[in-house]
Amino acid sequence: MMVVCFLMYNRYQSFADFYSGVEGGGIVTPAIMTFVLGLLLLLASLFGFVGIFKESTCLVNTYAFVLATLLILDLVVVILSFTVDIISVKNSLNIPIEQYVTDSKIEREIDQLQTSLNCCGSEWYMDYEGMAFTAKHSTSVFPASNFEQQIVVPASCCITNGPLLCINRRTDGCQMPLINLYIDISSAIRALGIVSMVLMTGAIMSAVVLARRIRRAKTERGVRSWTIRERIIIARRNQTSPEPQATHQDATATDDVAPPPYSAT
38 MMVVCFLMYN RYQSFADFYS GVEGGGIVTP AIMTFVLGLL LLLASLFGFV
88 GIFKESTCLV NTYAFVLATL LILDLVVVIL SFTVDIISVK NSLNIPIEQY
138 VTDSKIEREI DQLQTSLNCC GSEWYMDYEG MAFTAKHSTS VFPASNFEQQ
188 IVVPASCCIT NGPLLCINRR TDGCQMPLIN LYIDISSAIR ALGIVSMVLM
238 TGAIMSAVVL ARRIRRAKTE RGVRSWTIRE RIIIARRNQT SPEPQATHQD
288 ATATDDVAPP PYSAT
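If you read the sequence shown in the numbering used here, its first letter stands for residue 38, the second for the next number, and so on.
Right under this line is the structure:
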């Protein structure tokens, strides 16, 4: 879980500036929450491992309680992922094409966006029409068509440049690919959250059953140990107590007693 969320966050973090809801806890929040959830789940697993190794019902029950808490947080993440749709993302999306020639940071971000998503402009490549490029900008020229004249665009809009004009160009806008990208991220987080919820539910049930078995086994061992100790104590008492023996005077008195007289009939 942690690895998947980290890869998602690391791969698409460069596009976060185009989404105005990120700073307020928007589309990236489920990914961050899932990453934190995976980290907490890893730490909680230590309770279960140590509890099983030490046969501690307290640690196993603590593990089950922590998992139940994480299950609730996971449910929140899944619910947040369902709130992401095309309309909400589009309303928060902003690709500042008009600042391309005035802000070098935005220039680099848009170039990376257009190269990564194979697009050009916000709605389409004509968004660059009439833009005042300077000599410091790397540009390309799209050829004229039936209804369009030649237009100068950033070099990132061109896949293959010819001697004068762009031969293979990117014409689709970046807005829809970027929206689809965020939707795909949300769908992946949703699927990951649902799978982790199922696994955590099974782990909680197993932890509860295991805690009962550990408690029962400890009780049985305690009863057996108590029984063995009682038997040992009784055996030692029997060995130390003296057996009754006949005294010397009793034996002499028995020898002096005359037998009964004999009578013939």
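Ideal Cβ placement from N, Cα and C applies to all residues, glycine included.
Annotation for residue 201: 178 place their beta carbon closer than 8 Å to its own, counting only its chain and skipping 5 residues before and after.
Residue pairing by DSSP places residue 131 in no beta bridge whatsoever. Within the DSSP bridge table, the entry for residue 171 names no partner. The closest CA to that of residue 134, considering only 141, 158, 248, is found on 158. Taking 7 Å as the cut-off, the beta carbon of residue 100 is found closer than this to the beta carbon of residue 84. In this structure, residue 265 sits away from residue 92, with a CB-CB distance that is not shorter than 7 Å.
Per DSSP, residue 93 is not a residue of any beta strand (DSSP E), being assigned neither H nor E.
Separation of residue 96 and residue 115 (C-alpha to C-alpha, rounded to the nearest whole angstrom) is 28 Å. If you check the CB distance, residue 111 and residue 233 come in under 7 Å. The residue among 254, 152, 94, 88 with its C-alpha nearest the C-alpha of residue 215 is 152. In this structure, residue 129 sits away from residue 223, with a CB-CB distance that is not shorter than 7 Å. Exposure of residue 242 is indicated by the presence of fewer than 16 other C-beta atoms within 10 angstroms of its C-beta.
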